[in-house]
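Trainee:
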Amino acid sequence: MTARKGCIGCSAFILASIVGIIALIVVVVAWIVPSLSKSYSIDDVRIEAAIRADGSLSVEERFSYTFQGSFTRVYRDIPIDPQTPITVFGVDGPNGPLQRLPSGWLPQMGAPSPVSPADDTTPSPWMSLAPEQRPFGYYRVTSGVGADYRPVIRIEAFADLDDRAASFTFRWRADDAARRWADAGELDWQLIGSGWDVPMGRVRAEVTLPRPVARDRVRAWGHGPLTGVLRIRDDGSVVLRVDDLQPRTYVEIRELFPPGLLPDVEQVPVDIVDTVVEQETEWAREADAERARARAHVARERRNERIGWGIAGGVTALALTMWLTLFFRGGREYRPQFRATYLRELPGDMPPALVGALWRMGKVTDDDIAATLLDLAVDGVLRIDPDGISGPTSFVLTLDRDRLTRVDELTLPLVTFLFDEVAEGDVLRMEDMKSWAAVSPTRFHAAVERWRSGVKDEARRRGFMEKGGGGRAAGAGMATAAAAGLVLIISLWAGQPWMLALSGVLVGFTVASPVMRRRSREAAELYAQYKALRAYLLDFGRLDEKPPTAVVLWEQYLVMAVVFGIADKVIEQMQVHVPQIVASSDFSSVYWFATPGHAADFGGISGAVSSFTGGISAAVLAATPQSTGSSGGGGGFSGGGGGFSGGGGGGGGGGGGGAD
């Protein structure tokens, strides 16, 4: 015999660990999976906007995307204002400049023929193109309606973008974007509009003047997220920077500069500097107050995060320490002296249902009823025949009352009930038993439960389960469940969803707490022997030895195989390795339904065995009451630059875009 290796009795701890790990994986997967669908991100945006002497604004925008899934188009929407006409000059894609489609081109017009921007000055109304109709290497300019229902010029660029990173550069001009007042030139412009549905990782924008001027002659303010930064360079150009720009959030610049920089723009004879500075100063004060509140909020969140992780970690460690202490002190199975891998004879003369109770930690199942009836058939107390009325896949049980003296006291109540109350005679059809259970569910259920209780009482009398195991399991389960609930509350309070991973681990250990119940030393010894018998029944066909040839032993083997839930596998091996046993009249007189001549009627060996055991389970299920079933420029200061304010939003430009 081969010695068994490893720590016998550690399986319960391994089970608890596995359940905890699975719970952790579920939490992580639930967090990650939404990001695995088709999506895209905008990682970087670079904008160069140049104010011209005629008041126009020449813009070059480069958007760097990462696509996950199938994409064939990116688009950019620029709001249309009658006072600031938009002219699009070109688009560069990941492979260089794109060719321009005629604005009104449709697939039914034939192959696309590129045009120059000068020959395509009047955008046609936008019409959708299916992904398979989009010509790669082209862009088109149409008019439509943007995300905020404002009229827009839409620039669409077509390319194969499946699962890749790509950059697109849009070049266009807005006429009359800058205005000339009596005391200043002004640009009030949204460099990023609020029509974007995805966040942007980094936004960098530079706004230059028609010619360099001294830094102190320029005033600029940034509007948008309070984390934005604005800086005025020595040549008067303005640089804006925003990290982690959230969806539908605009970035706007308001800039004042010498009016002489716009010689080709008609002057409006109104002074605006004092009004603008007063307005921006007020917005800056509000922004500073909001920043102070935000800093205080962040400080509170960080403090709560530290406190939350400290408490959650401590509670988790304490609960798991208690669980593991209870487990290692009294939850692990005793290490048996029997350590052989295989056992070829039955360890004892226990009734099958009692073996099932030992095997399942005191639980008695429907398989134990089926095994008990098969054991009675092996002993000659019952005879199992095909049901000639209901068909070849049903059974008839016939009782030989002369042999009732062979039935042990544990099994006798089940036999008496089935034949004296259900059959009212010596012949019990399986279909009649199902019908009787459905018509009289209370009586059937009560009788089966009485028999199960008798088996459990006998298991307790024999000391199968060690006393105190239920208390350990309950204590460990309550400790980890309470800790899981507390960690959940702390995670909500601290705003830390990853803390749910700790709660998931605790839930896993709570679910595994019943493993604290363990068999007594004597029962653990007996369990190890039955475990070795089960291993032999599964592996005898692969062993380099001759299997037993005694029919009576194989009949008993199959009774145990039903208890272990492996009867179909055992019979399949028997047909290959001990066909003479299967063909013998003694064996087939009991297990006729599993022989080659009859198994085909049931759809094979597995169907034959499950038809017998399933018939018992169907009757029990029909009688089970519902109540016993399972349930299952910044920011307002003149000159110099600094942080953004939360004001603005009324400038030109803006718009949005997307990809599909």
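If you're matching positions, the sequence shown starts at 740 in our numbering and goes up one per residue. Even for Gly, the Cβ is constructed at its ideal location relative to N, Cα and C. Nothing here was measured: the structure is a model prediction, and the numbers come from that model.
In angstroms with no decimal places, state the Cα-to-Cα distance between T1288 and F1326.
Mentor: 12 Å
Trainee: For M1299, which of helix, strand or coil comes out of DSSP?
Mentor: M1299 falls in the helix class under three-state DSSP.
Trainee: Would you mind giving the Cβ-Cβ distance between G832 and F907, rounded to the nearest angstrom? I have them listed as a contact below 8 Å.
Mentor: Yes, G832 and F907 are in contact; Cβ-Cβ is about 6 Å, under 8 Å.
Trainee: Please classify A921 as buried or exposed, where buried requires at least 16 other C-beta atoms within 10 Å of its C-beta.
Mentor: exposed
Trainee: Would you mind working out which of P862, I1046, T1150, P851 sits nearest S1192, comparing C-alpha positions?
Mentor: T1150
Trainee: I believe V1103 touches A1222 by the beta-carbon criterion, under 8 Å. Please report the beta-carbon distance rounded to the nearest angstrom.
Mentor: Incorrect: roughly 33 Å between the Cβ atoms, too far for contact.
Trainee: In angstroms, rounded to a whole number, what distance separates the CA positions of V978 and I971?
Mentor: 6 Å
Trainee: Please check the pair A1358 and M1061, which I expect to be a contact at CB under 8 Å, by giving their CB distance rounded to whole angstroms.
Mentor: Not a contact, Cβ separation roughly 44 Å.
Trainee: My guess is that R1258 and E1072 are in contact by the Cβ rule of under 8 Å, so how many angstroms apart are they, rounded?
Mentor: 6 Å
Trainee: Ignore the nearest five residues each way along the sequence and tell me which others in A1109's own chain have a CB closer than 7 Å to its CB.
Mentor: V1301, F1351, T1352, I1355
Trainee: Return the first residue and the last residue of the alpha helix (DSSP H) that A1398 is part of.
Mentor: Counting along the chain, no alpha helix (DSSP H) covers A1398; the unbroken beta strand (DSSP E) around it starts and ends at 1395-1398.
Trainee: If you measure between the beta carbons of V1016 and G1396, is that distance less than 8 Å?
Mentor: no
Trainee: How should T860 be labelled, buried or exposed, when 16 other C-beta atoms within 10 angstroms of its C-beta is the threshold for buried?
Mentor: exposed
Trainee: Would E945 and E994 be called neighbours here (beta carbons separated by less than 8 Å)?
Mentor: no
Trainee: Do you know offhand how far D983's Cα is from G940's?
Mentor: So the two alpha carbons sit approximately 5 Å from each other.
Trainee: Nearest CA to the CA of D1141: which residue from N834, D1165, L1157?
Mentor: Looking at the Cα atoms, D1165 is the closest of the given residues.
Trainee: When DSSP labels each residue in this structure, what does Y888 get in the three-state scheme?
Mentor: coil
Trainee: I need the boundaries of the alpha helix (DSSP H) containing R1189, first residue and last residue.
Mentor: Residues 1180-1200.
Trainee: At the level of alpha carbons, what is the spacing between Y1275 and V1290?
Mentor: 17 Å
Trainee: Using 8 Å as the threshold, is the C-beta distance between A913 and G1392 below it?
Mentor: yes
Trainee: Between the alpha carbons of V1246 and A1220, how many angstroms are there, rounded?
Mentor: 6 Å
Trainee: For the stretch 948-994, which segments carrying the beta strand (DSSP E) assignment without a break, of at least 3 residues, lie completely within its bounds, in sequence order?
Mentor: 958-962, 968-971, 977-984
Trainee: Starting from I781 and walking both ways along the beta strand (DSSP E), at which residues does that stretch end?
Mentor: 778-790
Trainee: Please name the residue or residues paired with R943 in a DSSP beta bridge.
Mentor: Partner(s): R785, R980.
Trainee: By the 10 Å Cβ neighbour count, where 16 or more other Cβ atoms means buried, how is H1036 classified, buried or exposed?
Mentor: Residue environment analysis places H1036 among the exposed positions, since fewer than 16 neighbouring C-beta atoms fall within 10 angstroms of its C-beta.
Trainee: So, does the stretch 987-1004 touch the stretch 955-967, judging by three or more C-beta pairs under 8 Å?
Mentor: yes
Trainee: Taking C-alpha atoms, which residue in G883, V1250, A1263, Q1235 lies nearest to R1201?
Mentor: A1263
Trainee: Restricting to Cα atoms, I'd like to know which of G1243, A1031, T1064, P824 is closest to G1052.
Mentor: G1243
Trainee: What first and last residue would you give for the alpha helix (DSSP H) that runs through Y1275?
Mentor: 1260-1278
Trainee: First and last residue of the alpha helix (DSSP H) that includes A1096?
Mentor: 1091-1098
Trainee: Spell out the partners DSSP gives W935 in its beta bridges.
Mentor: W935 pairs with G1396.
Trainee: Where DSSP assigns a beta bridge to V1135, which residues make up the other side?
Mentor: D1124, R1168
Trainee: Taking A916 as the reference, which of D1003, A1023, P862, Q985 has the closest Cα?
Mentor: Ranking the options by Cα distance to A916, first place goes to D1003.
Trainee: Would you kindly work out how many angstroms separate the C-alpha atoms of T1080 and Q1319, rounded to a whole number?
Mentor: 27 Å
Trainee: Are there 16 or more other CB atoms within 10 angstroms of the CB of F1067, so buried, or fewer, so exposed?
Mentor: Exposed, because fewer than 16 other Cβ atoms sit within 10 Å of the Cβ of F1067.
Trainee: If I measure Cβ to Cβ from P890 and keep anything under 8 Å in the same chain, skipping five residues before and after, which residues do I get?
Mentor: P818, I819, S882, G883, V884
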